[in-house]
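Working notes, structure below.
In my numbering, the protein residues as written are 6 to 458.
Quick look at the structure:
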């Protein structure tokens, strides 16, 4: 039924275009902003090992499944799940899985845009020399002052959302594809330069020891949930992004091979970010578990004191914003695709509506750091609640359901046709992981966190 369909939004022009787009969706603030600070909060090396296991045994099999579902359906996530459920003779309520992804993407982008706005602000700060010769105390003061100003954050949040919508409005090949084709290689190159700088510090091996020396006594059920949630977050799983990108994937491109490449590149960037950042943290006597502001309180010190720091600082924060942009366009694309396909909107009008709602939701995150900092729900600020709700609950639940649908609901012949793996054993390995290992792991972690086991 869906074999010959093509997405009404167009297709990626090549395998490399999809790899760059999917990598762009995966590589972003999750790797460079979030991974270092949650690693710091959860004890370092042991957490990294748990995270890598989550990527290998849970993330990659589910990413293959989500891409396959997207290419089979060739529609937005909601309609894709509706069509494939009907094709499989399954309950039509599977379309709520599509809704879960679209809503998760909305919520994530609402605070993602605010954090990306911090990056935009730091481009200006580096350009004006605000960090020149700065020590840890000065950088922390500048960051705290910025957090206390809702108007400054609102301005940069607005700028980032306008740019995001401008890219998405241009479509798949002219907007999404062109935006990522050179940004990811450039960001990777800049990270290597930062790693080289970290190697020149006296605390380089202390940073490596923290990142790779495993002390499993520091691992709790919550740590495992955080690692699993981050694997979903950084690979863009369960939020409709990979599903809708899969809808634009031509039939002759191998899903499994490209998925492994994307996951590998994403993990490599996260590890490089840790290798670059933690030596700087220890060199300046900062705390690795200092929370969401970690990257904004460490790298400026390096840029303010290294040779050519002004130049490299501007480049880094510009590329950090671009990496965030490549992820943000994938977060909003499922909602835009749904509005275009089901509400007969033009792509431009759909972008305006989706962007306006996301921008409005972002106000809650901005105010979490200042005027609403004392307002808490379940002992969490709005930002903390959104981050926990999406990364630790919605995305794993979405991934669990994707695994169940791909492994137990879809017909095997359809899965084999979409994956077209030349070695039958590879298909059996994937199916075993997606049917048993991935959903069981997600389920057991949830049971541990709620205290059942």
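Glycine is no exception: its CB is placed at the ideal position from the N, C-alpha and C atoms.
Asked                                                                                                   : Found
Contact under 9 Å by Cβ, residue 286 with residue 263                                                   : no
Opposing strand residues paired with residue 382 [DSSP bridges]                                         : 385
Proximal residues to residue 157 (C-beta, below 8 Å), its chain only, five neighbours per side dropped  : 126 and 151
Buried versus exposed, by CB contacts within 10 Å (16 or more), residue 110                             : buried
Boundaries (first-last residue) of the alpha helix (DSSP H) holding residue 231                         : 226–239
Whole runs of the alpha helix (DSSP H) within the region 237–277, excluding any shorter than 4 residues : 246–252
Nearest neighbour of residue 104, chosen from 344, 393, 224 and 175 [CA to CA]                          : 344
contact_flag[the region 243–252, the region 158–172] where n(CB pairs < 8 Å) is 3 or more               : no
Contact set for residue 341: own chain, Cβ-Cβ below 8 Å, skip 5 residues either direction               : 173, 352, 355, 356 and 359
Buried or exposed by the 16-neighbour rule on C-beta atoms within 10 Å, applied to residue 438          : buried
Residue nearest to residue 68 in terms of C-alpha spacing, selected from 233, 268 and 333               : 268
Straight-line Cα distance separating residue 166 from residue 364                                       : 7 Å
Three-state class that DSSP yields for residue 140 in the structure shown                               : coil
Residue 37, enclosing alpha helix (DSSP H) - first and last residue                                     : Per DSSP, residue 37 belongs to no alpha helix (DSSP H) and is neither H nor E.
Close beta carbons around residue 292, own chain, < 6 Å, minus the five adjacent residues each side     : none
Bounding residues of the alpha helix (DSSP H) (the contiguous stretch that carries residue 292)         : No alpha helix (DSSP H) contains residue 292, which DSSP labels as neither H nor E.
C-alpha gap between residue 225 and residue 346, whole angstroms                                        : 44 Å
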